[in-house]
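Protein sequence lines correspond, in order, to chains A, B and C.
With the numbering used here applied, the first sequence corresponds to residues 1 to 320, in that order.
With the numbering used here applied, the second sequence corresponds to residues 1001 to 1184, in that order.
With the numbering used here applied, the third sequence corresponds to residues 2001 to 2337, in that order.
Where a beta carbon is used, it is the ideal one built from N, C-alpha and C, also for glycine.
Worksheet: one structure, shown below.
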Amino acid sequence: MTQTRHRVRVSAVARLGPSIREIHLEPLEGDHLPAFSPGSHVVMELPLGEHVLRNAYSLTSSPFERSRYAIAVRRQPDSRGGSRWIHDELVPGRQLRIEAPNNYFPIRAPADGAPLLLIAGGIGITPFMSLLRARRPDSGPMSLHYAFRDRVDTAYLAELKRLLGSDLHTYESTAGERLDPASLLAAQHLGTQVAVCGPAAMIEAVRAKAAALGWPEQRVLYERFSAPAGGTPFRVRLQRSGRSIAVSSEETLLEALERAQVPVRSLCRAGVCGECRTDLLGGEAEHQDLFLSDQEKTAQCAVMPCVSRACAGGELLLDL
Amino acid sequence: MSRIFYSKPSYSPVSPQPHSRHHLIIADASGAARAAKLQAACAGPNTVLLIAPADARLPEAELREPRELADRLSALIAQLPAGTSCYLFGRESFIWPAAIRLQDLGTARSQIHVERCGPMVRDVLCIHCKTRMHDVTDTLVCCDGCDLLLWNYDHFSRRHGAYMGFQVNAEQADDTPVAEALSS
Amino acid sequence: MLQLNPVQTFRDDFTYRNSPSAIQRFPFPFPQDEYRYSVNIEPHNGGPAGSVYEHWFDIDEHYLSEIRERAIVLKQDPARCQVRPHMRLAAWDTLEMLMEHFSQDYPEHFTLIRQGNDWMWINRPLEIEQRFRFGDDDSLPLAPFEYITRQAQGDWAMLDQRDGDLFMDGGIITGPADWSLDFDLGMSFKEWHGPVPLAHELGVFDRALKYLCNIQVDRPARRLNWTISINPLMDQSPENYHAWGASRATITPDNVARKVHLRVELQGLHRLPRSHALLFPIRTYLISLQDLVSQPGWGKRLRRVLMTLPPELVDYKGLTRYIGTIIDWLEPWDRDD
Chain A
1 MTQTRHRVRV SAVARLGPSI REIHLEPLEG DHLPAFSPGS HVVMELPLGE
51 HVLRNAYSLT SSPFERSRYA IAVRRQPDSR GGSRWIHDEL VPGRQLRIEA
101 PNNYFPIRAP ADGAPLLLIA GGIGITPFMS LLRARRPDSG PMSLHYAFRD
151 RVDTAYLAEL KRLLGSDLHT YESTAGERLD PASLLAAQHL GTQVAVCGPA
201 AMIEAVRAKA AALGWPEQRV LYERFSAPAG GTPFRVRLQR SGRSIAVSSE
251 ETLLEALERA QVPVRSLCRA GVCGECRTDL LGGEAEHQDL FLSDQEKTAQ
301 CAVMPCVSRA CAGGELLLDL
Chain B
1001 MSRIFYSKPS YSPVSPQPHS RHHLIIADAS GAARAAKLQA ACAGPNTVLL
1051 IAPADARLPE AELREPRELA DRLSALIAQL PAGTSCYLFG RESFIWPAAI
1101 RLQDLGTARS QIHVERCGPM VRDVLCIHCK TRMHDVTDTL VCCDGCDLLL
1151 WNYDHFSRRH GAYMGFQVNA EQADDTPVAE ALSS
Chain C
2001 MLQLNPVQTF RDDFTYRNSP SAIQRFPFPF PQDEYRYSVN IEPHNGGPAG
2051 SVYEHWFDID EHYLSEIRER AIVLKQDPAR CQVRPHMRLA AWDTLEMLME
2101 HFSQDYPEHF TLIRQGNDWM WINRPLEIEQ RFRFGDDDSL PLAPFEYITR
2151 QAQGDWAMLD QRDGDLFMDG GIITGPADWS LDFDLGMSFK EWHGPVPLAH
2201 ELGVFDRALK YLCNIQVDRP ARRLNWTISI NPLMDQSPEN YHAWGASRAT
2251 ITPDNVARKV HLRVELQGLH RLPRSHALLF PIRTYLISLQ DLVSQPGWGK
2301 RLRRVLMTLP PELVDYKGLT RYIGTIIDWL EPWDRDD
């Protein structure tokens, strides 16, 4: 089954910092884009030269606004060209295709009135923006702890100050400010939900401290702000068609299969939803997903091509 | 084919959870002894809430009615650390509504540990007239509200703290099983 | 254009009847000649024109009858509609989803006009014209979930999703096949399935739950479920079991064709976009045995399924007293040609 696609037009490109752009998208057909919940992302098709790159971006606009979407993109020096294309090529008026929103990071308090503690690192602020922009006086307590390198190249600071007032806490690392997860978590009360989005090291630190402080796993929600894309090149062989495809260091296994026009169903492109699960007939995969059970990973019987690759120097044999 | 009622709770003895920063222990009169035992086994800081009628002769009981517990928990939750473990001891009709209350305040299910104490009795809710029968000991019970003979069904609502009762001989009046003592 | 029947009854004199076209489009649920347990969840992305799968939410000739039946049940027992307080946003999601799809799929009967948050809803069959503000509970005569589902066929539940589980946190259940919203409210996925006997491995629940928790906006799923009803009794509730239970002991070879109905539920699962809850419509179709055997192959297949049904399921579905009478009556349709 294919995902519903929507044609959109870039209505504005706003500069949030020297290397961050906010892109506004309007529907080309009808007045409404699909409603969504905080933490959702859309997969956007970027026409890069001869092939189409499909990247996921968190929606940063309010879920109550259906006449347009907003996303924010930081220029990544080591990117596969997606962020560079958005920064250099994307101008108002340009038409694009996006898929309907998905949510694998549903940010919410566990109960009405229970506190929500948000922790963002750098561009990891994006999934929180839709929640904060829809905040109402009766929304329940929430606070944001936002760590970044330097104030100048950081998204949404002024707006967040306006939205959150004293519930905003910032940590500018170039000024020597550090977010200390241990003391932050130790000060929270029963019923608090933590949601964290940022670099892997930040997420791991929060999860480890929370576990040490007796937090239940479900009260720590996290999203890596980018799926692991790229790595060591390897080859994949397809049992049914007998084909052999090279996966470059610049692309995921799923992207390589799509490039070779091998049909694989996919949805989240982040190793969460299970849609692209493919039977593994040979070779050892380096599993990066959150979907397969530990048993399945050890047995090497299946692989999630959206995030996982072959173990170094190896080759995979897929049931395709 | 097996018949398992996932709604019917099963229990195993509760012990202090490691890594907890606080232990919240809640019991009714039938769970008071177990609560005291658990408290003694807890290394760290703890709070005990005992809910018992005045005649239960439990001097430390500070709350007399289960409904007082709901308000007390709302106030308490903002003082306890996130890494608190909660333990509930007592009759099913007491421990489960209390567990639901904790969840409605944001506590995760994995933080809540329950142990059934006291005699093998159930509260039964008549699905026809919604009358509640307390301390039912048999597989059949006559409804205090509508007088129908009810089957004490193994379907349990934690929110109600009660099992479902429905008319046992609704299909044929003379087709009634013999009542047996509850075994679980 | 969809023609709506005048009001018929699902109680007392049971005047409910299927037209020939309703019989033809009946969702016959058995893909093979023997009973086999399966989760049978599949994407719900449309189906052949005129089929019950064509639109997200099927409306058929029985619309007015079901709306009236719902009103009767709610008047007797208001607890059949309950929404836990934290489901307020999900309730508005539901109202929006139903109004959008009804007006798109059945424009001759429903119209939705939106200007910002000022909305106007027109339901011609029920002669309703309602202006309201989207998101403002006070601008509607009833709470939003009850307001819209009183204008929709089938039962509706809202499942809250939190901590990797689903919770039965709201619904309007006036035509259940033997379950009670008032009793099950607040239960987790496994708890409300408590009384269902399950064949095979129990991991089936965990797999289904994982699948449901990953359903995304605009990608609904569906499954069929079935049981048997005596009479076209829509409200086959535990609440009223003391009143309808005796009908199970009334089946004879003379009345089996008229009184016994195959009851099929088309269950949908839709992600509610803002609340991230799931909407769970349970749309019930009833067909008498005499109408069912008018379709080639259906009588034979139903008989074979019933003959291979495990005893626990015969008991759970309440068939014990009359399954033999059904199997005997269907015998002529199960002869080798």
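query, result
"Buried or exposed by the 16-neighbour rule on C-beta atoms within 10 Å, applied to V194/A", "buried"
"Counterpart residues of H287/A in DSSP-defined beta bridges", "Answer by DSSP bridge pairing: none, since H287/A is not bridged."
"Status (buried if at least 16 other CB within 10 Å, exposed otherwise) for K1985/C", "Past the boundaries of the shown model lies residue 1985/C; chain C is included only from 2001 to 2337, so the question cannot be answered."
"Residue burial classification, D2315/C (beta-carbon count within 10 angstroms, cutoff 16)", "exposed"
"Local conformation of D2077/C per DSSP, three classes", "coil"
"Candidates T2174/C, F2134/C, R2248/C and L2306/C, of which the one nearest S2065/C by Cα", "T2174/C"
"The stretch 2170–2188 of chain C contacting the stretch 2110–2122 of chain C, beta-carbon criterion three pairs below 8 angstroms", "no"
"7 angstroms Cβ cut-off: residues of chain A touching A1078/B", "H189"
"Cα-Cα separation between Y104/A and M129/A, rounded to whole angstroms", "16 angstroms"
"Option nearest W2333/C by Cα separation, candidates V2052/C, I2323/C, S2294/C and A2157/C", "S2294/C"
"Buried versus exposed call for P2220/C [16 or more other C-beta atoms within 10 Å across all chains shown]", "buried"
"Selection from L2166/C, L2286/C and G2171/C that minimises the alpha carbon distance to S2019/C", "L2286/C"
"Those runs of the beta strand (DSSP E) which lie wholly inside the stretch 2153–2240 of chain C and span at least 3 residues", "2155–2162, 2165–2172 and 2221–2230"
"E2129/C in three-state terms, based on DSSP", "strand"
"Under 8 angstroms (Cβ pairs) to chain C, residues found in the stretch 1122–1137 of chain B", "L1125, I1127, H1128 and K1130"
"Whole-Å CB distance - M44/A paired with G121/A, under 8 angstroms assumed", "The Cβ separation is near 23 angstroms, so there is no contact."
"Contact the stretch 168–182 of chain A vs the stretch 1077–1091 of chain B: 3+ CB pairs below 8 angstroms", "no"
"DSSP-derived helix/strand/coil call for L1069/B", "helix"
"8 angstroms Cβ cutoff met for A302/A and L280/A", "yes"
"Closest by C-alpha distance to P233/A, when choosing among L221/A, S248/A and S241/A", "S248/A"
"Status (buried if at least 16 other CB within 10 Å, exposed otherwise) for R1122/B", "buried"
"Counted within 10 angstroms of its Cβ, other Cβ atoms place R2271/C as buried (16 or more) or exposed", "buried"
"Contacting residues, own chain, Cβ-Cβ under 7 angstroms from A1173/B (five flanking each side not counted)", "none"
"L2278/C to L2159/C span [Cα, whole Å]", "5 angstroms"
"Contact list for S37/A against chain C, beta-carbon separation under 7 angstroms", "P2273, R2274, S2275 and H2276"
"Euclidean distance between Cα positions of W1151/B and G2245/C", "14 angstroms"
"Buried or exposed (CB count within 10 angstroms, at least 16 for buried), P51/A", "The displayed chain sequence assigns His, not Pro, to residue 51/A. When all chains shown are included, H51/A counts as exposed."
"Chain B within 8 angstroms of R219/A, Cβ atoms only", "yes"
"Start-to-end residues for the beta strand (DSSP E) that takes in R74/A", "Y69 to R74"
"Where E1092/B meets chain C, residues with beta-carbon distance less than 9 angstroms", "Within 9 angstroms Cβ-Cβ: nothing; E1092/B doesn't reach chain C, min ~14 angstroms."
"Residues of its chain near L2319/C, where Cβ-Cβ distance is below 7 angstroms and the 5 sequence neighbours each way are ignored", "I2228"
"Residue closest to L2309/C, alpha-carbon to alpha-carbon, out of R2025/C, Q2290/C, H2055/C and I2327/C", "I2327/C"
"Enclosing beta strand (DSSP E) for D97/A [first to last residue]", "The question names Asp, but residue 97/A in the sequence shown is Arg. Segment Q95 to E99, the beta strand (DSSP E) holding R97/A."
"Residues that DSSP places opposite H2086/C in a beta bridge", "According to DSSP, H2086/C bridges with nothing at all."
"Alpha-carbon spacing of C1042/B relative to I1025/B, whole angstroms", "10 angstroms"
"Of the residues H2101/C, V2083/C, P2232/C and G2170/C, the one placed nearest D2012/C, counting alpha carbons only", "P2232/C"
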